[in-house]
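Numbering (the numbering used here), first residue to last: 1 to 75. Before any comments, here is the structure.
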């Protein structure tokens, strides 16, 4: 079911979009996907940490359903 849905979605993509998907998959397989913290400059890292430090520390957590695998997939 998931395979067919993915095929349908891929069929809708342009050649340029498909190339981006293929590049991402290739990087993922090599374990070299470009993650923010791997490429960030020290200034970007500092700005990110400053932003995180300003987030509320007493905000409510996600409901238990948000952590359930079943909630990730359509029925």
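The beta carbon of each residue, even a glycine, is placed where N, CA and C say it ideally should be.
- The three-state secondary structure of residue 44, taken from DSSP, is helix.
- Judged by DSSP in its simplified three-state form, residue 2 adopts helix.
- If you check the CB distance, residue 10 and residue 18 come in under 8 Å.
- Taking 8 Å as the upper bound for CB-CB distance, residue 71 and residue 65 are in contact here, some 5 Å apart.
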